[in-house]
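There are 4 protein chains.
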Amino acid sequence: MNAFGRKFRISVFGESHGAAVGAVLDGVPAGTELDEQDLERDLIRRKSGAFGTTRRKEEDRPQILSGVLGGHATGAPLAIVFRNRDVRSSDYTLFKEVPRPGHADFVAGVKWHDFNDPRGGGHFSGRLTLPVVAAGAVAKKILSPKMTVSACLVSVGGVGRAEALARAMERGAASDGPDENIGSGDPSQCRFSDSELWRPELESALAEGDSLGGVCECTATGVPVGLGEPFFDSVESLISHAVFSIPGVRGIEFGDGFRAASMRGSEHNDPIVSADGRSPRNGAGGVNGGITNGNPLVFRVAFKPTSSIRKLQHTYNFTSGKVEDLEIPGRHDVCFALRSPVIVEAMTALVLADLSLL
Amino acid sequence: MNAFGRKFRISVFGESHGAAVGAVLDGVPAGTELDEQDLERDLIRRKSGAFGTTRRKEEDRPQILSGVLGGHATGAPLAIVFRNRDVRSSDYTLFKEVPRPGHADFVAGVKWHDFNDPRGGGHFSGRLTLPVVAAGAVAKKILSPKMTVSACLVSVGGVGRAEALARAMERGAASDGPDENIGSGDPSQCRFSDSELWRPELESALAEGDSLGGVCECTATGVPVGLGEPFFDSVESLISHAVFSIPGVRGIEFGDGFRAASMRGSEHNDPIVSADGRSPRNGAGGVNGGITNGNPLVFRVAFKPTSSIRKLQHTYNFTSGKVEDLEIPGRHDVCFALRSPVIVEAMTALVLADLSLL
Amino acid sequence: MNAFGRKFRISVFGESHGAAVGAVLDGVPAGTELDEQDLERDLIRRKSGAFGTTRRKEEDRPQILSGVLGGHATGAPLAIVFRNRDVRSSDYTLFKEVPRPGHADFVAGVKWHDFNDPRGGGHFSGRLTLPVVAAGAVAKKILSPKMTVSACLVSVGGVGRAEALARAMERGAASDGPDENIGSGDPSQCRFSDSELWRPELESALAEGDSLGGVCECTATGVPVGLGEPFFDSVESLISHAVFSIPGVRGIEFGDGFRAASMRGSEHNDPIVSADGRSPRNGAGGVNGGITNGNPLVFRVAFKPTSSIRKLQHTYNFTSGKVEDLEIPGRHDVCFALRSPVIVEAMTALVLADLSLL
Amino acid sequence: MNAFGRKFRISVFGESHGAAVGAVLDGVPAGTELDEQDLERDLIRRKSGAFGTTRRKEEDRPQILSGVLGGHATGAPLAIVFRNRDVRSSDYTLFKEVPRPGHADFVAGVKWHDFNDPRGGGHFSGRLTLPVVAAGAVAKKILSPKMTVSACLVSVGGVGRAEALARAMERGAASDGPDENIGSGDPSQCRFSDSELWRPELESALAEGDSLGGVCECTATGVPVGLGEPFFDSVESLISHAVFSIPGVRGIEFGDGFRAASMRGSEHNDPIVSADGRSPRNGAGGVNGGITNGNPLVFRVAFKPTSSIRKLQHTYNFTSGKVEDLEIPGRHDVCFALRSPVIVEAMTALVLADLSLL
């Protein structure tokens, strides 16, 4: 179902080219300070416009319909709505007949008996992440100031951030010192525009009508010991559940992640060095037995390259019954992973807010 | 909470050294053919005893307390219990004072105010996967014969299956031809004992009192188009939620997984080539937009090395207030990943059974 | 939480004098025929305006923000919003200081630390039943044509419908024959305006600045055998759960209800007389062991008299610390039970739609 | 599904004549003092044996399989099992063919395609209330000492408790003063054996092979202001949901209940008379707007007469296709309502424990 959470709960609704997208948040603690401006900072981070992102421009102004009075949450459900405006639906009518590779066109048609809304991806659109980001901003207010959640791209198109940064400095695109905080558990400090760092890869893909993927790392600090359950609501279970709802995610790993499978126990085990559970290494990514251990929560998310590409592809035409050529027009991100960090943060904040209120 | 599923639901309970471990399954369709022997095949696969696994021997005989009559599920909840017998609790009393690196000793103590059961890992023990495997066997009966779920180790200690196999054939340990089905979407056909394939790595780790991790690949075939929801109950969300409940999982990836983040859209997109949605490549791992697309569901799970090792480690002693040496006695798997495939299958079958009944 | 349902799920939001009230419906089957006009019939029945109901006038026009395209549900969540317009908030500011007897003023203030929205009852207002009625209309479309749900007042202010009808005919207010269908399992056929039938009681209460309660009977026909679960999701459990969410409900009883407690088994037991489970008596109200038995589902709901009355009352003043006189101004229903039948129908339809889709 | 609760959750399983009945309790706070003796007091109250109850004798000894160590809850799920022993299954084989009036035989057969366990009512048996009572005893430990929950019969076979008491004193069966606490909000003080009070009614019904119903009143004291949610998890919603899971319930009403529908607002409204929300009248039964108001929670539950009676009945024979005579042999309660108070208390305690832990 289109809802998630136990005590702090989000329900999302909407379609890319319908009247609106939105979310209902249930369980926001009464008294949480909130107004529409509070959501702005994160909504701007999600916005398109940077090099490598779609040229669709939406004002993305949230309307809070309920649950807030005089700048505070009332305790009742909070409904947030975003009206859709810059919509060009004629682009999409074809895709019930010729489903786009990598998209949900085919599965939505089968699942919903061709009653699905195909315009702009309908309910499957990345535009649904807009209310998620707004909800995440509310969740961050609940966690604040104790916990912080921040995410950052660590690679795009297979090129790591350190390498991209070195190149950018060489070509003078990044002049005020290294963004050394990456990997240090504080990705909120990523000081350089991601689209600037990976501009060569993005330009090359754009020129070829192709697209790129990327990997996003998320870190939460200030997380107390004891959040999560051994079975089935481990912290990793809940975060991965939320994160795999973001369109285009292919994988998630915590701490040492897949690398842990090649390590020995004596390398991977985190020694505890203080009474508050701190470990200098944090190969577990801040979780033992499904429960937070007081170290920063660290995980990485793999995003696939944007499915909609200008480059010629082949797919099945359900009318002709043949495999045919397909060129996808319209406005698309070359690399939607560029916009992913704030979405990953939002999902993480939703989970942590729920767990911390239980 | 210790439960999972919407229409087909599992609740687990029990501790490693308590009276029993077990599960309650709600929503088993009336008429499903079932008896205790049906669970045997998978329970044996999970059992310890192979080279590289613990020497703790449990009979692991399930008692079905309810929900089955005359060889069929009745429609009422099915309770399965396994009594614990081969228990040596004196091994564990120390670990409230000196929490083991990589274990839940510390977090459980904080979360449950030192009322947690520390014996054998208590409720955090891998022994809880025993009722999960039994439940998975029931889920497979629900899916059968249409869908199959099978998993297999694809690497141990950083050595891939193909390489391990080539070596094993060389030394004469595997003589009846390659287990070529790995990677072909049918890991159920893994014909060689995993502990035989990776015997050199296991022997070396055992000799050093150390442990190994591994990667398990799971494939489900016969999955119809249309299972899962776009938000928040995508197939990947539900499977990762279930899989991260297995102790020791560090990562999960679907289809091309993390590799997708380095690919271009034109490489990663799966062209559809027939009216039933088939794609020759399946880089999406059988899911688009969170919904199954009719291709085999394929994902990989990274398991960390066993946390309990004989080799000397350091950790904090809460009585002395100092970091001290720790040697862990007792009977442990050198590589618990060896026992993981049937557990991963069980979790997958639980999710697919729930989705297919909704 | 402000949500209900397992496969067909409603979340409500909004406040009486805020921007809007609304609901998100998840799980509407793709292809269900729907448009805003479909909701009209029931929304009009809920509307105020009849004698004995409040003079607050709202246009009550639903906006469907998502989930419907071309007159059909798409399969994605359906969001319905009603903007509030005819709002006079100055009436309500007093009630944080002097909580009204029978209202949620006091409990909401304590629960939500005085951040609750007091205007018009805020989230506790009967206005929240507006999106419930709209959702119920959607649920009825799902049930249609197989199942029908209809409710009718059977007493107001202690005067039964039959007696009220006889009196009304006597005074010429009801001239076209008895509404004999009441009690026959088909309350949809109530042909007389309820406010006309009980006009004497309503006029008397209005004159005295007082209010009246009533009892509503609901019948669902065409319900198949087998909906509901023995524990804990019996049909009575789910319906009572939903019905007690309606503000002002004091009791619910199925079939013979409280009268059954004075009967003998030989009187109360329903003999089965045909292979489809029919019983001539239906003292069980259509449910055995928590599961529908194929007979009409019949239950009655007791509504208290409207809490807001003009007549002088006493209550505690939290500023003065004394019990003081209170006169409540504003526009209120003399008997909100007059508007309850369509709300009870809506809750019933929501439950039956959920059960029939599982 | 056979589970209930959000943070403190019960799952029940078992059949009357199967191997066992039991429950899994998830969310018991670590450190709650508990052992098997703690459950005894309530289990004895539920036991048969008093005049008017079945002669089936079960030891009803609970086995706690998990979640308790050294007399305290560990924080992990608590599984309680009761083995069935005194089983006479030959009594029941007939009822698939000739479903008993008032029983679930027919609906279970249809719902579960004749795979249901018919022996002793199977999963529909009142025996399932045994683990519920044990779970309720755990819930009471969580609520204790702040909150108390107690229930008492207020009428049997249509004869009120006061009248029954007066008669009993007259005939010398109740000699040590009136049980005046009934109606005073403290039914825990019911000092007289219920089966003694209503002995004349019970004897008469027994002689005729018939059965009786009754009404049970439940009161919870010490309930803080603020438990429950306006929509959909009102306190009345949750309690009625739980209570209607008890076999044989026909109605529930809070405070003035159905009588409120005949009252005027000026009579029914509870004036608040102190800063802690107290009202001298409590016609609301301790709840406003779905949220507890600090006054005792008071509600009544109507139980039907036992369905299984010796007296001749008629029902449909699915083999012959005719309505035929039926005499039900076996051991049954003349009035199972005699055993209901502790079950109603258990359900109430489960709800209050869940709400108080959220």
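Chains as they are written, first to last, in the working numbering: chain G, 1430 to 1787; chain U, 1430 to 1787; chain F, 1430 to 1787; chain Y, 1430 to 1787. Yeah, the Cβ is synthetic: ideal placement off N, Cα and C, and Gly gets one too.
Contact list for F:K1436 against chain U, beta-carbon separation under 8 angstroms: Around F:K1436, the beta-carbon contacts reaching into chain U at under 8 angstroms are R1435, K1436 and L1787.
When you compare only the Cα positions, how much space is there between G:K1532 and G:S1736?
Reading off the sequence, residue 1532 of chain G comes out as His, not Lys. One alpha carbon belongs to G:H1532, the other to G:S1736, and they sit about 6 angstroms apart.
Exercise. Mark U:P1574 as exposed unless 16 or more other C-beta atoms lie within 10 angstroms of its C-beta, in which case mark it buried.
Key: With fewer than 16 other Cβ atoms within 10 Å, it is exposed.
Exercise. Is it true that the CB of Y:L1781 sits closer than 8 angstroms to the CB of Y:L1572?
Worked result: In this structure, Y:L1781 lies closer than 8 angstroms to Y:L1572 by Cβ.
- Query: With 8 angstroms set as the bound, which would you pick, yes or no: does the beta-carbon of U:F1544 sit closer than that to a beta-carbon of chain Y?
  - Reply: With 8 angstroms as the cut-off, U:F1544 counts as an interface residue toward chain Y.
- Item | Boundaries (first-last residue) of the beta strand (DSSP E) holding U:H1442 | Position check: residue 1442 of chain U holds Phe in this sequence, whereas His was assumed. The continuous beta strand (DSSP E) containing U:F1442 extends over residues R1438 to G1443.
Quick one: using the 10 Å Cβ neighbour count with 16 as the cut-off for buried, is U:D1639 buried or exposed?
Buried, since its Cβ has 16 or more Cβ neighbours within 10 Å.
What are the residues that DSSP puts in a beta bridge with U:V1578?
U:V1578 pairs with U:A1649.
Using the Cβ count rule (16 or more neighbours within 10 Å means buried), how would you classify Y:K1599? According to the sequence as given, residue 1599 of chain Y is Glu; it is not Lys. Counting every other CB atom within 10 Å of its CB across the protein chains shown gives Y:E1599 a total below 16, marking it as exposed.
Complete alpha helix (DSSP H) runs within the segment 1689-1741 of chain U (minimum length 4 residues, chain order):
You should have 1694-1697.
**Report entry** Contact list for F:E1465 against chain G, beta-carbon separation under 9 angstroms
**Finding:** Correct list: empty, because the minimum Cβ distance to chain G is about 12 angstroms.
Out of Y:L1454, Y:T1648 and Y:V1588, state which residue places its alpha-carbon closest to the alpha-carbon of Y:T1561.
It is worth fixing the name first, because residue 1561 of chain Y is Val in this sequence and not Thr. That would be Y:L1454, whose Cα lies nearest to the Cα of Y:V1561.
- Query: Is Y:R1529 helix, strand or coil by DSSP?
  - Reply: If DSSP states are grouped into helix, strand and coil, Y:R1529 belongs with coil.
Exercise for the section: Answer yes or no: do U:D1471 and U:V1771 have a C-beta to C-beta separation smaller than 8 angstroms? Expected result: Taking 8 angstroms as the Cβ cut-off, U:D1471 and U:V1771 qualify as a contacting pair.
**Study point:** Any 3 or more C-beta pairs closer than 8 angstroms across the segment 1435-1454 of chain G and the segment 1539-1554 of chain G
**Key:** The answer is yes - the segment 1539-1554 of chain G touches the segment 1435-1454 of chain G, with three or more Cβ pairs under 8 angstroms.
| query | Count the other CB atoms within 10 Å of the CB of F:A1690; is the residue buried (16 or more) or exposed (fewer)? | reply | F:A1690 is buried by the Cβ-count criterion.
- Expressed to the nearest angstrom, what Euclidean distance is found between the alpha-carbon atoms of F:S1669 and Y:E1526? One C-alpha to the other measures close to 32 angstroms.
Complete alpha helix (DSSP H) runs within the segment 1618-1683 of chain G (minimum length 4 residues, chain order)
Counting whole runs of 4 or more residues, the segment 1618-1683 of chain G contains the alpha helix (DSSP H) stretches 1623-1626, 1628-1636 and 1664-1672.
Quiz prompt | C-beta contact flag for F:N1513 and F:V1450 at 8 angstroms | solution = Taking 8 angstroms as the Cβ cut-off, F:N1513 and F:V1450 qualify as a contacting pair.
Q.
Under DSSP, the beta strand (DSSP E) around Y:R1512 begins and ends at which residues?
A. Unbroken beta strand (DSSP E) run through Y:R1512: L1507 to R1512.
Legend entry - Beta carbon proximity, F:L1641 to chain G, threshold 8 angstroms: Interface residue (Cβ-Cβ distance to chain G less than 8 angstroms): F:L1641 is not classified as such.
- Query: From the DSSP output, which residues share a beta bridge with Y:G1589?
  - Reply: Beta-bridge pairing links Y:G1589 to Y:S1584.
Exercise. What is the rounded straight-line gap between the Cα of F:G1456 and the Cα of F:A1508?
Worked result: In a straight line, the C-alpha of F:G1456 is about 12 angstroms away from that of F:A1508.
Fill in: Assigned exposure category for F:K1540 - 16 Cβ within 10 Å defines buried
The residue in question, F:K1540, is buried, as its Cβ has 16 or more Cβ neighbours within 10 Å.
Could you work out which residues of chain Y lie near F:N1711, taking near to mean beta carbons separated by less than 9 angstroms? Result: empty, since nearest Cβ-Cβ is about 12 angstroms, beyond 9 angstroms.
Own chain residues within Cβ distance below 6 angstroms of G:S1617, not counting five before or after = Annotation note: pLDDT 47 at G:S1617 (below 50); position unreliable, coordinate value reported separately. The beta carbon of G:S1617 sits closer than 6 angstroms to those of S1579, all from its chain and outside the five residues before and after it, given in chain order.
Quiz item: What residues match up with U:L1498 in a beta bridge as DSSP calls it?
Solution: U:H1501.
Q. So, are the CB atoms of F:H1743 and F:D1754 less than 8 angstroms apart?
A. In terms of Cβ geometry, F:H1743 and F:D1754 form a close pair [threshold 8 angstroms].
Next on the checklist: Quick check on F:F1553: does DSSP put it in helix, strand or coil?
Outcome noted: When DSSP states are grouped into helix, strand and coil, F:F1553 belongs to the helix group.
Quiz item: Just the Cα atoms here: how many angstroms apart are Y:G1538 and U:G1460?
Solution: Distance between the alpha carbons of Y:G1538 and U:G1460: 12 angstroms.
* Please confirm whether Y:E1646 and Y:V1716 have their CB atoms less than 8 angstroms apart. => Not in contact: Y:E1646 and Y:V1716 (Cβ atoms no closer than 8 angstroms).
Touch test, the segment 1641-1661 of chain G against the segment 1625-1632 of chain U, Cβ-Cβ under 8 angstroms, three pairs minimum:
Short answer: they don't touch.
Checklist entry - At a Cβ cut of 8 angstroms, what residues of the segment 1642-1653 of chain F count as close to chain Y, listed as they run along the chain? => result The residues in question are G1642, G1643 and V1644.
Discussion item. On the DSSP bridge list, what partners appear for Y:I1493?
Written reply: Checking the DSSP bridge columns, you'll see Y:I1493 partnered with Y:I1509.
task = Within its chain, find whatever has a CB closer than 7 angstroms to the CB of U:E1465; leave out the 5 residues flanking it on each side and keep chain order.
result = Annotation for U:E1465: P1491 and I1493 place their beta carbon closer than 7 angstroms to its own, counting only its chain and skipping 5 residues before and after.
_Less than 8 angstroms between CB atoms is the rule here; does F:E1444 satisfy it with respect to chain A?_
Included in the structure are the protein chains G, U, F and Y, with no chain A among them.
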